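What follows is a single structure, written as structure tokens, with notes after it.
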Amino acid sequence: MNYKNLIRVAMLIATVVSVFGASSQAYAQGNATNYLGAQIIIRSTTFWDAVFNGTVNDTRYERWSLQLIEPENFTVTVNTTTGDLTPDIYLLDSNENQIAVANGSLSAGLLDTSQSAGDYFIQIQPQTGGGTYSMEIRRVEQVVEPSAAVMLNPASVLVGETSTGTVLLSNVPAEGYASAEFTCTYDPALVQISNITDAGLFGSDPAVALFGPDNGTFIFAVAGSNGQRATTDGAVFTFDVTALANGQADINCVARVSTGGELTTISSTPATLGIAEPTATLEGTVIATKEVTVTLYRADTTIENTAVADANGNFSMTASAGTYTVVASAPGFLKAQGSPVLTAGATTTLQTVSLLAGDIDGNDVIDQFDALTIGINYNLAAPAAADLNNDGIINVLDLELLAANYHQSGALVWQ
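Numbering (my numbering), first residue to last: 5 to 419.
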């Protein structure tokens, strides 16, 4: 080998090392090309906050493998080092599906993203031009700020019931808090606050000051005694919330904390108590050979609720307290009707009633026209209202049931 050939080999080795570097591996992906015919070179990253170097142009893209062992928030920064490259950055999942893209500007590109644990690819390709670049993948540390929150258990109650409220501190700093103040607001028309009690987060026998509750607000202040501090997350105080009226009651406690001598406001999350009117229950038994529907009507004749009786004729439904009209009906039968008065939190049970068979045309009278309908449709299955015994055929057995109630009319009285 002559001297000139030795120089050429040395230059080739130097070029390969400078492009791929010692900290990453590279290989051409089998037959991987994009729709423009560029070859995709697979490369690997090994650690955070490091700089990786590469080369891309209109015939060569580079795809860097990235494995996350836990959820991460990270940035990918690409800067052109030589050439006229304007880079685009693509984040792909393990199946090479695009998740995110950052289109570069001039000679730089930045992708900021949060992803769950898994295998990913970062693909660098030119938006325009070509050349060498440097890429840095940097983990973005999550900043966890102190905060306060109101919790309610249960989160929904009936009027007159009580929920327990708890105010908590989260992400308490290592040095702890010497004191804390909570200014709480609520709608006094919806809830009543009482029994405000320290929960011990500031140590034993803390100094506690309470203002209110009065007209929808109260202030709870607490300071650790004899050098004690709140050094862990947890409940600061609890209180009782009694529901007064139907609605959604927001309870918010604005928190200010002190590490010593100065108060700082921290973020606070309110809670909402759902309050519903207590319901009443109506139940009873309706006997018929057909399926029975029970409908509860308000005073304005709109429907409050409906129920279908089971195979034994039993039904149960709920409604707000009040006076209603209840109607039990079945095809081919006279209705039963009552006027129950329902009491909140109580169950009203109606007397067992048997519907009278024969009102096939539904005009509240059992007469010759109903019998005529049986005759016209004799030995047929329809209309279903004429099949009074519900055996699938209209015949003398249905006529027999009709005859037992012949000339009966109107809705039966149901109490």
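We treat Cβ as the ideally placed atom computed from N, Cα and C, and that holds for glycine.
Nothing here was measured: the structure is a model prediction, and the numbers come from that model.
Three-state secondary structure assigned by DSSP to residue i
| i | result |
| --- | --- |
| Tyr31 | With a pLDDT of 42 at Tyr31, under the threshold of 50, the predicted position of this residue should be treated as unreliable, though the coordinate-derived value follows. Three-state result, Tyr31: strand. |
| Gly366 | coil |
| Asn377 | Strictly speaking, residue 377 in this sequence is Thr, with Asn absent from that position. Correct three-state label for Thr377: helix. |
| Asp116 | strand |
| Leu405 | helix |
| Val400 | helix |
| Gln1 | The requested residue 1 is not part of the displayed model; the chain covers only 5 to 419. |
| Ala152 | strand |
| Ala280 | strand |
| Ala106 | strand |
| Ala348 | coil |
| Ala315 | coil |
| Ala121 | coil |
| Ser69 | strand |
| Ser413 | strand |
| Trp418 | coil |
| Ala385 | coil |
| Gly25 | Below a pLDDT of 50, predicted positions are generally treated as unreliable, and Gly25, at 39, falls in that range; the measurement from the model is reported next regardless. Residue state, collapsed to three classes: coil. |
| Ser324 | strand |
| Ser358 | strand |
| Phe56 | strand |
| Ala193 | coil |
| Phe337 | strand |
| Asn230 | coil |
| Asp237 | coil |
| Val161 | strand |
| Leu248 | coil |
| Gly342 | strand |
| Ser138 | strand |
Under 8 Å between C-beta atoms of residue i and residue j
| i | j | result |
| --- | --- | --- |
| Lys294 | Asn394 | yes |
| Thr347 | Ala284 | yes |
| Ile126 | Trp52 | no |
| Glu366 | Leu405 | Looking at the sequence provided, one finds Gly at residue 366 rather than Glu. No; because the gap between Cβ atoms is not below 8 Å, this pair is not in contact. |
| Thr79 | Leu115 | yes |
| Tyr65 | Leu95 | no |
| Asp368 | Gly414 | yes |
| Val331 | Ala313 | no |
| Thr377 | Ile364 | yes |
| Ala390 | Asp402 | yes |
| Leu338 | Gln412 | yes |
| Leu89 | Ser111 | yes |
| Ile270 | Pro150 | yes |
| Ala182 | Arg233 | yes |
| Val60 | Gln102 | no |
| Leu359 | Ala334 | yes |
Sheet register partners of residue i (DSSP bridge)
| i | result |
| --- | --- |
| Ala225 | Glu185 and Ala213 |
| Leu300 | Asn309 and Val330 |
| Thr242 | Thr170 and Thr201 |
| Arg260 | Glu185 and Thr269 |
| Leu392 | Partner(s): none; Leu392 has no beta bridge. |
| Arg143 | Phe78 |
| Thr132 | Thr90 |
| Thr285 | Thr322 and Thr351 |
| Ser48 | Ser69 |
| Thr85 | Note: Thr85 sits in no beta bridge, so no partner. |
| Val290 | Val357 |
| Ala275 | Ile255 |
Contact with chain C by residue i, beta-carbon distance below 8 Å
| i | result |
| --- | --- |
| Thr189 | As a matter of chain content, chain C is missing from the structure shown, which is built from one protein chain. |
For residue i, the nearest candidate out of the options (CA to CA)
| i | options | result |
| --- | --- | --- |
| Phe215 | Gly231, Thr351 and Ile223 | Ile223 |
| Val240 | Asp402, Glu266 and Pro210 | Pro210 |
| Thr235 | Gly207, Arg142 and Pro75 | Gly207 |
| Asn219 | Phe243, Ala193, Asn230 and Gly238 | Ala193 |
| Ala159 | Leu277, Val82 and Gly342 | Leu277 |
| Thr353 | Pro344, Ala112 and Asn77 | Pro344 |
| Gly288 | Gly265, Arg302, Phe319 and Ala178 | Phe319 |
| Thr351 | Phe337, Ala375 and Ala325 | Ala325 |
| Gly356 | Ala182, Val417, Leu72 and Glu140 | The question names Gly, yet the displayed sequence has Thr at residue 356. If we check each option's Cα against that of Thr356, Val417 comes out closest. |
| Pro217 | Val226, Ala227 and Asn199 | Asn199 |
| Ala106 | Thr242, Phe337, Val82 and Ala42 | Val82 |
| Val298 | Thr310, Thr263 and Tyr328 | Thr310 |
| Ile279 | Asn250, Thr273, Glu266 and Ser120 | Asn250 |
| Thr85 | Ile73, Tyr137, Leu70 and Pro91 | Tyr137 |
| Ile93 | Ile141, Ala54 and Gly122 | Ile141 |
| Ala121 | Val147, Val60, Gln71 and Val161 | Gln71 |
| Asn399 | Tyr410, Ala386 and Asn409 | Ala386 |
| Thr306 | Ala323, Gln43, Val296 and Ala292 | Ala323 |
Subject >> At least 3 beta-carbon pairs within less than 8 Å: the region 245–264 vs the region 184–197 >> reply: yes
Original post:
With a cut-off of 8 Å, do at least 3 Cβ pairs link the region 154–164 to the region 129–139?
Top reply: no
Original post:
Between the region 158–165 and the region 173–180, do at least 3 Cβ pairs fall closer than 8 Å?
Top reply: no
**OP:** Count the C-beta pairs between the region 273–289 and the region 197–206 that are closer than 8 Å, then say yes if the count reaches three, no if not.
**Re:** no
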